[in-house]
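In the numbering used here, the protein residues as written are 71 to 730.
For each residue, glycine too, the CB sits at the ideal point set by N, CA and C.
Below: the structure, in structure tokens.
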């Protein structure tokens with residue numbers, strides 16, 4: 071499933087979700103854009119774009135080293151160095167980060183900490199300027215991230231037990247007897263060439279190759295029980311992209327940016343579930359292997375007109391043609407107790423796209439499969455008006471429409487799971503005002519929005535795994551108020567308040583796990599969207615205390631998030647639940663386990679800086695109030711339990727940094 075919010079690094083769109091979780095280090099700045107985006111780098115997105123820009127090579131020799139240590143075995147090193155090789159002609163920069171932590175939870179079955187991680191990432195850049203108006207930036211990166219993922223257990227039977235009689239005694243004492251590690255490797259190469267004409271126009275060509283490999287093991291039942299429901303999901307993505315962009319001078323009354331974009335993504339995915347056989351569930355296994363190839367071609371343009379000294383019109387458009395092709399197979403296999411992930415002993419191949427095989431494993435009846443090639447042609451556009459009421463005070467109105475392309479479901483437990491879902495279209499209406507006040511000491515932004523989703527893509531938990539489908543309609547209405555202020559030189563504060571009412575307007579036939587509603591669809595019309603809290607607030611306060619040997623800075627930041635849920639159907643009152651789910655108490659437990667309660671979290675940091683600002687020593691405390699949070703939850707109703715992923719607990723540490 072393509073993410074609704076796009077992510078790019080140094081103008082390269084990261085099409086594979088596994089590449090988007092890269093470490094953030096040696097960063098120059100971040101740009102965040104809300105709503106549909108179609109005329110920026112990379113592919114079209116519906117919910118916005120986050121663009122990371124790393125520090126580039128310069129003519130000045132600079133760099134830094136940073137060391138980090140903390141509780142739970144936290145240890146990290148980070149550094150960068152850059153400068154000229156041939157002054158004004160050839161420059162380079164190299165950066166690296168390495169970090170590890172043992173984990174904040176304890177696995178009583180394996181008798182070791184869990185929830186830890188170890189990652190490294192490195193990046194090298196060479197900037198060549200053979201002539202004044204032409205530059206080539208070559209960047210290569212390589213990294214690996216391995217995480218131990220603790221899985222929390224909520225039993226749905228009496229006494230908090232599951233079908234095998236297990237009940238977790240403590241939230242901190244995890245009892246996973248299967249593997250729960252996730253490993254991602256990534257590498258890439260990009261070439262960004264830019265030519266600036268004497269007229270002020272520029273021509274850029276951005277070529278990139280990205281590769282990533284991921285492998286995720288999960289102890290689905292989150293218990294030490296002998297019948298161990300576990301799985302392994304893996305994949306490899308190879309992505310080639312090229313963007314050609316032309317831009318006019320940005321200091322004229324009429325400004326233009328436009329270009330063409332091409333992307334090819336070749337993704338191979340595989341899965342093994344040793345006890346999830348569609349023939350004899352709980353005894354033998356299920357496996358799959360699929361290839362999804364994507365070719366995306368687009369043309370985009372954007373114009374800005376200064377209609378008057380105060381009024382500016384921005385218009386943009388994009389046309390995208392994206393073709394997806396799929397092939398692969400899925401099969402039931404006889405599980406070996408000595409090697410449960412060995413899938414070679416096939417019992418039934420129920421999907422094989424090469425032979426046109428699509429079989430219902432339960433009945434042996436032939437089924438029709440989805441088209442194995444599909445082209446989506448879509449346009450997206452945006453238009454905005456900006457009016458300068460006074461110096462530093464701007465109001466704006468924006469209309470935008472974007473789409474998220476369709477794709478294939480490749481997590482399959484039966485032949486009908488392998489399916490194609492359609493593009494999602496988002497239409498955005500928003501307006502707001504941005505004001506720089508108090509002689510530039512304060513910045514206030516207020517905006518309101520209405521998002522209208524058509525054919526919204528929704529990923530819904532099934533009996534085993536998840537399935538993405540198209541909801542009929544959904545809307546999100548809300549506002550955001552944010553600001554920052556520096557009343558005196560050494561005091562800085564920022565805040566943000568957002569409210570949204572995001573809900574399905576027409577989604578009457580949503581699927582749900584069979585025990586939840588007897589295999590019948592549920593009506594989600596009027597239900598809130600997943601991961602869409604009504605209220606989110608945050609504030610940050612920083613105060614600098616000058617001393618003769620430098621300065622001390624104390625900073626604290628806090629965030630409040632109202633309740634939100636992880637699964638689309640979990641708040642619905644089912645009409646025909648299974649007997650073990652029928653009591654009001656159990657349904658209340660389901661609603662609680664599939665949601666994050668309202669939570670307030672805060673951090674504090676105390677740092678000393680030297681007079682030349684080249685040395686920093688800091689101590690920090692995260693999650694001051696030690697709030698228990700969760701990031702996701704899955705229902706293992708066949709085992710009468712819910713498995714949850716706990717978040718970070720309170721931690722502390724210190725950092726030492728020295729720059730050149």
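Residue 228 sits in a helix when the DSSP states are folded into three classes. Rounded to the nearest angstrom, the gap between the Cα atoms of residue 343 and residue 588 is 24 Å. Residue environment for residue 432: exposed (fewer than 16 other C-beta atoms within 10 angstroms of its C-beta). Scanning its chain for C-beta atoms nearer than 6 Å, with the 5 sequence neighbours on each side dropped, one finds around residue 405 the residues 344, 354 and 355, in chain order. Residue 667 has its alpha-carbon roughly 5 Å from the corresponding atom of residue 633.
Taking residue 178 as the centre and dropping the five residues before and after it, the same chain places the C-beta of 243 and 245 closer than 6 Å to its C-beta, in chain order. Pairing residue 221 with residue 290 gives a Cβ-Cβ distance under 9 Å.
By the neighbour-count definition (other C-beta atoms within 10 Å, threshold 16), residue 85 is a buried residue. In the three-state DSSP reduction, residue 237 falls in the coil class, being neither helix nor strand. DSSP, read as helix, strand or coil, puts residue 587 in helix. DSSP, read as helix, strand or coil, puts residue 73 in coil.
In the three-state reduction of the DSSP assignment, residue 662 falls in the helix class. For the pair residue 210 and residue 160, the CB atoms are not nearer than the 9 Å cut-off. With a 10 Å radius around the Cβ and a threshold of 16 neighbouring Cβ atoms, residue 570 comes out buried.
Annotation for residue 628: the continuous beta strand (DSSP E) segment containing it runs 620–631. With 16 or more other Cβ atoms from the protein chains shown falling within 10 Å of its own Cβ, residue 148 counts as buried.
One alpha carbon belongs to residue 564, the other to residue 576, and they sit about 38 Å apart.
For residue 377, there is no enclosing beta strand (DSSP E), since its DSSP letter is neither H nor E.
It is roughly 34 Å from the alpha-carbon of residue 117 to the alpha-carbon of residue 645. Non-local C-beta neighbours of residue 430 in its own chain, meaning closer than 7 Å and more than five positions away in sequence, comprise 437, 484 and 485, ordered along the chain. Here the segment 495–505 makes no contact with the segment 309–328; the two share fewer than three CB pairs at distances below 8 Å. Taking every protein chain shown into account, the CB of residue 360 has 16 or more other CB atoms within 10 angstroms, so this residue is buried.
Contact between the segment 649–658 and the segment 589–607 is absent, with fewer than three C-beta pairs closer than 8 Å. Taken in chain order, the unbroken stretches of beta strand (DSSP E) that lie wholly in the segment 89–132 and span 3 residues or more are 97–104 and 118–124.
Shortest Cα-Cα distance from residue 463 to any of 445, 511 and 506 involves 506. Taking a 10 Å sphere around the C-beta of residue 167, we find 16 or more other C-beta atoms and assign the residue as buried. Per DSSP, reduced to three states, the secondary structure at residue 382 is strand.
The closest CA to that of residue 659, considering only 427, 226, 188 and 477, is found on 226. The C-alpha of residue 325 lies about 8 Å from the C-alpha of residue 372. Taking 9 Å as the cut-off, the Cβ atoms of residue 482 and residue 488 count as close.
Under DSSP, residue 144 shares a beta bridge with 140.
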